[in-house]
Amino acid sequence: MNQISEVVTTLEHYNVAVRDTLEYCIRKDSYDPKLYQEKKRSILIEVDQHTPLKDIIDHSGENGEKLEKAIREFYADVYGDDSTILKLADDGLRVDHNQHMAIYRHVLPIHENVNNMILGVLQNGHQNNLDVADVEKLHNADEAMYRGVAYMALVNDLCRLFNEYNQARNEAKGEETPASKFIGNDISAIIQNINFVRANAKITNAVYKNMEDKIVELMENMTGRRDLPIGKKFPDVMRETLETINLYVRDSEATFRSLYVPTINALIEQVKADDAKRAEAAKAEEEKKA
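For what it's worth, my numbering labels the leading residue of the sequence shown as 5, then goes sequentially.
What follows is the structure, given as structure tokens:
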């Protein structure tokens, strides 16, 4: 594994921890406290120690400073000891599902920042005629899975909020109320987040685009810019869209895992070998002095 591949792999490992935070925007019966602890450790250690991420941040001037500040705020708000979003308790990890917006506000831009770093490092590898084919394949698989997971969380929230909005309007006999306005603002924020994820996607294959098209159609149905398909109601198009996303995530996750695990294992072996060489060189130097 060359140096460029090592850097890309460590950045990918970081972006996985950032992406996996979106798990807490998907409602589940329980969440693994050990995985939570691992994510919590990973988010901050990369900017507290001398790592490829910290090195790039330190050489990126004002943009680097902004990203480090954003990462530290992300940690404090979501994983910090005073966080009200995630809280480890005796009965497991408690998640406040009323605060999904805060998670999106941190995760989505940080992920795109690190993503752009990875693309820059890969480009540098190509310019120097280095073999980065394996880590590029890993990055493409991670990119595919990230988009699917982000859409899964966001579209689930969109559907839930849309149902709550209609219920609020029905209870008020069609009138707009403070409650429905509040929900409407959240719907607008979710749509903005979905469009942000779409705008930054580099994927052009038909399977991804089919999922994206369904999401766009659903948003247009909800905002009155597109009629529902003949013979279908909102629950039908919501269900079909979510089924498409779930299938996409299942397949993209399988591809990602098949590449990620061996690449991380190869990096661990490389680090061990490098450490052994350094120890050997230090020992030889000491023996010379003696």
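The beta carbon of each residue, even a glycine, is placed where N, CA and C say it ideally should be. All figures in this text were calculated on a predicted structure; none of them were measured in a lab.
Checklist line | Spatial distance of D36 from E50 (CA atoms) | finding: The residue you call residue 36 lines up with position 32 of the sequence shown. The residue you call residue 50 lines up with position 46 of the sequence shown. Near 22 Å, if we compare the C-alpha coordinates of E50 and D36.
Checklist line | Buried or exposed (CB count within 10 angstroms, at least 16 for buried), T248 | finding: The residue you call residue 248 lines up with position 244 of the sequence shown. Buried, because 16 or more other Cβ atoms sit within 10 Å of the Cβ of T248.
Next item on the list: Look at the alpha carbon of P56 and the alpha carbon of N167, and state the distance between them as a whole number of angstroms.
Entry: In the sequence shown, residue 56 corresponds to position 52, counting from 1. In the sequence shown, residue 167 corresponds to position 163, counting from 1. Approximately 44 Å between the Cα atoms of the pair.
Check: Going by DSSP, what residues sit across from V99 in a beta bridge?
Finding: Position 95 of the sequence shown, counting from 1, holds the residue named residue 99. According to DSSP, V99 bridges with L90.
Notebook entry, point to check: Going by Cα to Cα distance, which pick from I122, K218 and L48 is closest to E147?
Noted result: As a position in the sequence shown, residue 147 is number 143, starting the count at 1. Per the Cα distances, I122.
Checklist line | Continuous alpha helix (DSSP H) stretch holding P182: start and end | finding: Against the sequence shown, residue 182 aligns to sequence position 178. Start and end: P182 to A203.
Next item on the list: Taking I47 as the reference, give the member of D81, K32 and E69 with the closest Cα.
Entry: Walking along the sequence shown from the start, residue 47 turns up at place 43. Cα-wise, what sits closest to I47 is D81.
Check: If you run the structure through DSSP and keep just helix, strand and coil, what is S256?
Finding: Taking the sequence shown and counting its residues from 1, the one referred to as residue 256 is at position 252. Here S256 sits in helix by DSSP.
Note to self: Applying the 10 Å Cβ sphere with the 16-neighbour rule, what's the burial state of A145?
What the structure shows: One-based indexing of the sequence shown puts residue 145 at position 141. The residue in question, A145, is buried, as its Cβ has 16 or more Cβ neighbours within 10 Å.
Margin query: Below 8 Å, how does it come out for the region 116 to 136 and the region 211 to 228: are there three or more Cβ pairs, yes or no?
Written below: no
Checklist line | Sequence-distant residues of the same chain with beta carbon closer than 7 Å to E72, five excluded per side | finding: If you number the sequence shown from 1, residue 72 lands on position 68. Excluding residues within five positions, the ones whose Cβ falls inside 7 Å are V51 and I61.
Next item on the list: Out of Y264, M215 and S262, point me to the one whose CA is closest to V241's CA.
Entry: On the sequence shown, position 237 is the one that residue 241 refers to. Cα-wise, what sits closest to V241 is M215.
Notebook entry, point to check: What span of residues does the alpha helix (DSSP H) with N144 cover, start to end?
Noted result: Numbered from its first residue, the sequence shown carries residue 144 at position 140. Start and end: A137 to E175.
Next item on the list: Go to L26, then tell me how far its alpha helix (DSSP H) extends in each direction, as first and last residue.
Entry: The residue you call residue 26 lines up with position 22 of the sequence shown. Here L26 belongs to no alpha helix (DSSP H), and DSSP marks it neither H nor E.
Notebook entry, point to check: Between the C-alpha atoms of D161 and N133, what's the straight-line distance to the nearest angstrom?
Noted result: As a first step, residue 161 must be located in the sequence shown, where it is residue number 157. As a first step, residue 133 must be located in the sequence shown, where it is residue number 129. D161 and N133: Cα-Cα distance of roughly 44 Å.
Notebook entry, point to check: CB-CB under 6 Å to A157, same chain, minus the five flanking residues each way: which ones, in chain order?
Noted result: By one-based count along the sequence shown, residue 157 stands at place 153. Excluding the 5 residues flanking it on each side, A157 has same chain C-beta neighbours closer than 6 Å at L26, C29 and I30, in chain order.
Margin query: I need the DSSP call for Y264, collapsed to helix, strand or coil.
Written below: The residue labelled residue 264 in the question sits at position 260 within the sequence shown. Y264 falls in the helix class under three-state DSSP.
Checklist line | Cβ-Cβ separation, H115 to N19 (assumed contact under 8 Å), whole Å | finding: Locating residue 19 in the sequence shown gives position 15, counting from the first residue. Locating residue 115 in the sequence shown gives position 111, counting from the first residue. Rounded, the Cβ-Cβ distance is 6 Å, consistent with contact.
Next item on the list: Can you grab the Cα-Cα spacing for the pair A93 / S34, in whole Å?
Entry: Translated into positions along the sequence shown, residue 93 becomes position 89. Translated into positions along the sequence shown, residue 34 becomes position 30. In a straight line, the C-alpha of A93 is about 12 Å away from that of S34.
Notebook entry, point to check: Can the beta-carbon of K43 be found less than 8 Å from the beta-carbon of D24?
Noted result: In the sequence shown, counting from the first residue as 1, residue 43 sits at position 39. In the sequence shown, counting from the first residue as 1, residue 24 sits at position 20. Yes; because the gap between Cβ atoms is below 8 Å, this pair is in contact.
Notebook entry, point to check: Apart from the five residues just before and just after A74, which ones in its own chain have a Cβ nearer than 8 Å to its Cβ?
Noted result: Taking the first residue of the sequence shown as position 1, residue 74 is located at position 70. Contacts found: H110, P113, I114 and N117.
Next item on the list: Within its chain, find whatever has a CB closer than 6 Å to the CB of V11; leave out the 5 residues flanking it on each side and keep chain order.
Entry: Along the sequence shown, one-based indexing puts residue 11 at 7. Taken in chain order, the residues that qualify are P56 and V125.
Notebook entry, point to check: For G129, which of N170, P182 and Q7 has the nearest alpha-carbon?
Noted result: Within the sequence shown, the letter at position 125 stands for residue 129. With distances taken between Cα atoms, G129 lies closest to Q7.
Check: If we count the other Cβ atoms within 10 Å of its Cβ and call it buried at 16 or more, is V265 buried or exposed?
Finding: Residue 265 sits at position 261 when you count from the first residue of the sequence shown. Under this definition V265 is an exposed residue.
Next item on the list: Could you check the C-alpha separation between V22 and L246 for me, to the nearest Å?
Entry: In the sequence shown, counting from the first residue as 1, residue 22 sits at position 18. In the sequence shown, counting from the first residue as 1, residue 246 sits at position 242. Near 23 Å, if we compare the C-alpha coordinates of L246 and V22.
Next item on the list: Output the distance between the C-alpha atoms of T88 and R45, rounded to the nearest integer angstrom.
Entry: Mapped onto the sequence shown, residue 88 falls at position 84. Mapped onto the sequence shown, residue 45 falls at position 41. Distance between the alpha carbons of T88 and R45 is about 18 Å.
Item checked: Beta carbon of S256 nearer than 8 Å to that of V139 -> Within the sequence shown, the letter at position 252 stands for residue 256. Within the sequence shown, the letter at position 135 stands for residue 139. Not a contact, by the Cβ cut-off of 8 Å.
Note to self: Quick check on the burial criterion: 16 or more other C-beta atoms within 10 angstroms. Buried or exposed for A154?
What the structure shows: For the purposes of this step, residue 154 is taken as the residue at position 150 of the sequence shown. Buried, because 16 or more other Cβ atoms sit within 10 Å of the Cβ of A154.
Item checked: Own chain partners of I187 with C-beta closer than 7 Å, once the 5 adjacent residues on each side are dropped -> Position 183 of the sequence shown, counted from the start, is the residue given in the question as residue 187. Correct list, in chain order: L165, E168, Y169 and A172.
Note to self: If you measure between the beta carbons of Y252 and V201, is that distance less than 8 Å?
What the structure shows: By 1-based counting over the sequence shown, the position of residue 252 is 248. By 1-based counting over the sequence shown, the position of residue 201 is 197. Going by C-beta atoms, Y252 is not nearer than 8 Å to V201.
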